[in-house]
Amino acid sequence: MIRNETQQPHRRGKIAIIGNRRKFLLSVGAVAILANTSVWGMGSDVAVQCIYFTPAEAVKLAALADRIIPRDEWPSASEAGVVSYIDFQLASDWGHGQGLFQQGPHLRGTDQQGYQLSHTPRELYRLALGHAALRGFESLTVAEQDRIIGECAANRLSLGDIPGIVFFTALRQNVVEGYFSDPIHGGNLDFSGWRMVGFPGAHAYYLTDVDRFNMSYDRAPSGVASRAGKPAAGPIIMRGQR
Amino acid sequence: MKSAFAAITVLACLTAGSLAQSTLPSPVNQMQPRSSPEALLALPDTAFRARVDRPVTRDMYAQGRLVAMGGTPGGAAIACVSCHRLTGEGDSAGVFPRISEFPAWYLYKQLGDYASGSRPNAIMTPIAQRLSAQQREAVSAYYALTPSEVDSRRNREIDEPLIQWGAKLSAIGSAERGIPACVNCHGPDGEGLPPSVPNLAGQHSTYIVSQLRAWKIDERRNDPMGVMKAIADKMESRDMEAVGEYFSRLQANQKPSPNRDRAWLR
Amino acid sequence: MAIRLPRTEVLIVGAGWTGLTAAYELANAGRKCVVLERGGFRHEVPDLQSPEMHDELKYGQRYKLMMDTQRNTLSFRNNTSETALPMRRLGSFLPGEGLGGAGVHWNGQLWRPLPSDLRIRSHYTERYGAASIPPDLTIQDWGVSYDELEPHFDFFEKICGTGGKVGNLRGKKTPGGNPFEGPRSNPYPNPPMKQTLSMKLFEDAARKEGFNPFPMPSANVTQRYVNPYGAVLHPCTYCGYCERFGCGYFAKADPIICVYDWIKDNPNFELRTNATVMRVNKAPDGKSATGVTYVGKDGRSYEQPADMVLLCAYGLWNVHLMLLSQIGEPYNSETGTGTVGRNYAYQTLSSNRVFFNGRHKFNPFMGAGALGTVCDDMNGDNFDHSGLGFVGGGYISVTQTNGRPIENMPIPAKTKTWGAEFKTAARQNYNSTLSVSLHGSSMTTRGNYLDLDPTYTDDLGRPLLRMTFDFPENDKAMSKHCTAQARRIAEAMDGDLVESAERATSHYSVVPYQTTHNTGGAIMGIDPTTSAVNRYCQAWGQHNVFVFGACLFPQNIGYNPTGTVMGLAYWTINAIKNDYLGSPRPLMGGAR
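Order-wise, the sequence lines are chains Y, U and Z. Under my numbering, the residue at position 138 of the first sequence is numbered 138, and the numbers go up by one with no gaps. So my numbering is basically just the index in the second sequence, starting at one, shifted up by 1000. So my numbering is basically just the index in the third sequence, starting at one, shifted up by 2000.
Below you can see the structure in the form of structure tokens.
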């Protein structure tokens, strides 16, 4: 795990490299093109440029995200850019509490009353990832990692004042978002999430197809700002918007 | 420190979109941009574009090429190539549209519509009527798999406000006219949306204008549920010319296109 | 100190379906109308165009077209023994904000109520005896009949270019339509939507089980169409971005293209956006309104005097404004007295998922908001309620609205929601799963109501609206019975697995999305002690205040509300134009 400041003035951020086999760093590029192949069996490292997360947080989040969506013949969450995605989300207005009613008092409510903590999403992640219960998470065995996530999901574990289920729900939701949202948001690299299920994306006209029963609709996906074969430059686009 | 630098390099490659220049396995780099039909058909997206109802085979492609050249028994009275050229680039006079890399399903449907008269056309109707369903499918697949160069238009006079207006209609439509954006349906930058929406990028301006007029005056009536009629009705001559000028100048094959990029990387 | 503005004749709060329609009709009748909209201006071009609109994260998950809960929300509790806490994020329902309101991001499922729905207490009493209605229910007749509303339903269906198949044309049953519907004066203006494989499987299974399937009435327009105001609507492209999104194709009827574009240049019409109405001001004697006070775009306070005030905000916020302005007496759940806030209701939903395990390709991303096939056999009182112990019902349907992958990733209930198991199940089931759903009615009880929160305030310092709601026993029984019927159809579809899930088996939660069908709180009726407004939707106590929206529903029907909302809107506008304006007064006696 290495960290450094980038050399590019307009892309001031931190870099975390997840994993330890540098020669496979480049397989990220291959992944973007050959998502259908078994390249995933090789084990790949992922370079992530972070705006909000520290490298240690990014590494831990990658480990968590990769248990929510692990690698099989399709990329894992972090390989599909989910760590970048969550990082951008937390750096954005949403991370700062956009759409979140933050007035106190923050009382403990029922499940039916929904989220009642005072933390914005970025605070929630920082507190949870920094909590002792997740110390060294990335170095645990997969079975141990799954056990901890399972404890959170069952709400048998709390991360400080954050009930395990609250963190799990946020994590699972954000991982799924990053895996399946438009690549302009930084995840779903090379549309791997969309390819996996067969979702064609943003360009949509099905007037002549909708009543063709059992049609094999294999069009390669296209996104709001990019199309198949063009790996999305999520970080740059996101920065342009901010 | 060295490792960090490597990571930066990777990022730079990633974000610049120039993956192929990094260290992909050598066969990828040796692949020529102009791929064979077989190589193109190995790509799911291209295979989808070229398919009418069933997968395109090598034989079907070959038959389509023959039909295009007028070389099949009972085939077209006039070879496709005499107007649309072997590459499907058509004729910039605009009577003969560019059809290269068009979705095969769309081409197939047009041939059927010419034959049945729902898209009446003095030249195309008799040609389409002479072709069997199988021949129509084959020739559609052939042109779907055939790229062509967009001929140079750089010497043409440019009416900047007109092109600006065309670009605006293409990208966001018009609130005043109640026109939706062209790219809502015609795919990224008008590259077409298989199976049913034709390419606009690189299409001859005069052809685009003539078709919009044909819809407006009810001469062409084969668009599903009147979708183009509804749009053309709201367009005035200048709007039609604007989108025609704009799309004809989109150099489809000089832009990154799904087909070519992937073919090249393979 | 509020800045006093020149007087207008009609002041309209909210620029959605009801507000813009009222403005259209009254401006064309020669009245000066000012419309105040708390959200911003937006229009099909450029704001709703794709591909930018087709961003599931931005619009489908972050709700960019909806109200901003960072500034204003409501508080919620299941019952009065709990402390209501703010709904800190949108979840269960998604009220709109901005020009067009929630009408921009609706699905377009356009229904009328059943004739018996509008006289529910009388109907059940006549057919089954008064004892058939569970005693805890506070359901009541609407005070207006289907026949009175029919021309208005008909007109709004034309405004939307609605596609569908008529089932009852002027009393004559017609095959292929809904055999249970009330008589229509005209067929639908457009043909129904296309049929998907999922709809076909449902239709066949429903027929086999003895149900009467028909195409869902749709405001996703099926062919080129010109509405009575002049709007040219385009055919739907089945793009799969309908609810939660705006339609860039001019294909989903919405208040902007159907109404706003055709009134915006009328000199009698003025729209002010980013204008939040703080309260309705009353005359010293309290018997009429004098206008409103609002906070404008510049953050300053304005007083806008007006001859009449039309409350056309989303139903919940109409009730909020009435409570803040003391229009009518607030409801007291302990004594059961008062009317404003009374009879809040929702919708009772359930589903029966059918998994085909890869045996079909439904291509769920090819969809439209109102693309579906429906059976009305279990709705309203279309089936015999003898001895069932509940009132109401719902329609059973298969819809193919979208395949947006964050929102729609069906996996069997026993499958873990994360990890390898989830991932495998997601790709296995994404393209081969459908849901046979029940869209059930919601009956009212004394304990389900709206009032003002004692603790929490919005960004302008006003108390939040407080919602107290849980599923009544009646609706739990209805859900159980009707879901079992829906399951019969699901099981006849030859799937590998059928899984039923009912919302009303446990407490209502504001977290998971259910539907944006919040009703009641400012209900209509003919008795001022049990309704907030009279049968013309005129406030009992302030004759120049008229109320619009689903807040008027005395209880909720088994249908989506927009058709009923707009039928009532045209009914009210008609009464204003043809009766009230000539002689402003209470249109019914009995004002307190």
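Idealized CB from N, CA, C, for every residue including glycine.
Taking a cut-off of 8 Å on C-beta distances, the stretch 2552-2572 of chain Z touches the stretch 2518-2538 of chain Z, as three or more cross pairs fall below it.
Annotation: the continuous beta strand (DSSP E) that includes Z/Pro-2305 extends over 2301-2311.
Within the stretch 161-192 of chain Y, those residues whose Cβ lies closer than 7 Å to any Cβ of chain Z are, in chain order, Arg-172, Val-176, Glu-177, Phe-180, Ser-181, Asp-182, His-185.
Sixteen is the threshold: since fewer than 16 other Cβ atoms of the shown chains lie within 10 Å of the Cβ of U/Ile-1123, the residue is exposed. Listed in chain order, the beta strand (DSSP E) elements of length 3 or more contained wholly in the stretch 78-159 of chain Y amount to none. Contact annotation: in the stretch 2035-2062 of chain Z, residues whose CB is within less than 8 Å of a CB in chain U are His-2043, Glu-2044, Val-2045, Pro-2046, Gln-2049, Ser-2050, Pro-2051.
Residue contact with chain Z for U/Gly-1173: present (Cβ-Cβ distance below 7 Å to some residue of chain Z).
Under the Cβ criterion of 7 Å, U/Gly-1187 is counted among the residues facing chain Y. By the C-beta density criterion, Z/Pro-2512 is exposed, having fewer than 16 other C-beta atoms within 10 angstroms. Between U/Leu-1043 and the set Y/Ala-225, Y/Ser-226, Y/Ala-220, Y/Val-224, the nearest pair of CA atoms involves Y/Ala-220. Within the same chain, Cβ atoms closer than 6 Å to the Cβ of Z/Ala-2313 are found at Val-2013, Gly-2014, the five residues on either side in sequence being excluded.
Within the stretch 2217-2238 of chain Z, those residues whose Cβ lies closer than 8 Å to any Cβ of chain Y are, in chain order, Pro-2235, Cys-2236, Thr-2237, Tyr-2238. The distance from the Cβ of U/Gly-1178 to that of Z/Phe-2365 is about 27 Å, inconsistent with a contact at the 8 Å cut-off. Only exposed fits Y/Leu-107, as fewer than 16 other CB atoms lie within 10 angstroms of its CB. Within chain U, no residue has its CB atom less than 7 Å from the CB of Y/Leu-129, the nearest being about 21 Å off. Taking the C-beta atoms as reference points, Z/Asp-2141 is found nearer than 7 Å to Z/Arg-2119. From the listed residues Z/Gly-2177, Z/Trp-2317, Z/Gly-2096, Z/Asn-2382, the smallest Cα separation to Z/Pro-2255 is found for Z/Gly-2096.
Within the same chain, Cβ atoms closer than 8 Å to the Cβ of Z/Cys-2258 are found at Ile-2159, Cys-2160, Asn-2227, Tyr-2229, Ala-2231, Leu-2233, the five residues on either side in sequence being excluded. Ranking Z/Gly-2392, Z/Ser-2531, Z/Met-2308, Z/Arg-2466 by CA distance to the CA of Z/Ile-2576 puts Z/Met-2308 first. Here U/Leu-1200 is buried, its C-beta having at least 16 other C-beta atoms within 10 Å. Judged by DSSP secondary structure, Z/Lys-2282 falls within the beta strand (DSSP E) whose first and last residues are 2276-2282. Sixteen is the threshold: when 16 or more other Cβ atoms of the shown chains lie within 10 Å of the Cβ of Z/Val-2034, as they do, the residue is buried. Here Z/Glu-2270 carries a strand assignment [DSSP, helix/strand/coil]. Non-local C-beta neighbours of U/Gln-1110 in its own chain, meaning closer than 7 Å and more than five positions away in sequence, comprise Arg-1119, ordered along the chain. By the criterion of a C-beta distance shorter than 8 Å, Z/Pro-2410 is surrounded in its chain by Arg-2353, Phe-2355, Asn-2429, Tyr-2430, Thr-2433, Ser-2435, once the five residues flanking it on both sides are discounted. Around Y/Leu-207, the beta-carbon contacts reaching into chain U at under 8 Å are Ser-1196, Pro-1224, Met-1225, Val-1227.
For the options Z/Gly-2315, Z/Gly-2286, Z/Asn-2274, Z/Asn-2318, the alpha carbon positioned closest to that of Z/Arg-2300 is the one of Z/Asn-2274.
Within the same chain, and ignoring the five residues on either side of U/Pro-1037 in sequence, the residues whose Cβ sits closer than 6 Å to its Cβ are Tyr-1061, Leu-1145. Across the stretch 2241-2253 of chain Z, CB contacts with chain U closer than 8 Å involve Gly-2248, Tyr-2249, Phe-2250, in sequence order along the chain. Chain Y has no Cβ within less than 7 Å of the Cβ of Z/Trp-2017.
Just so you know, the alpha carbons of Z/Tyr-2241 and Z/Gly-2369 end up roughly 8 Å apart. Counting only Cβ-Cβ distances below 8 Å, Z/Ile-2257 has contacts in chain U at Gly-1178, in chain order. Between the alpha carbons of Z/Pro-2330 and Z/Lys-2032 lies a gap of roughly 31 Å. Comparing alpha carbon positions, the residue from Y/Gly-198, Y/Gly-95, Y/Glu-151, Y/Ala-62 closest to Y/Ala-80 is Y/Ala-62.
The criterion of a C-beta distance shorter than 7 Å is satisfied by Y/Val-83 and Y/Ala-58.
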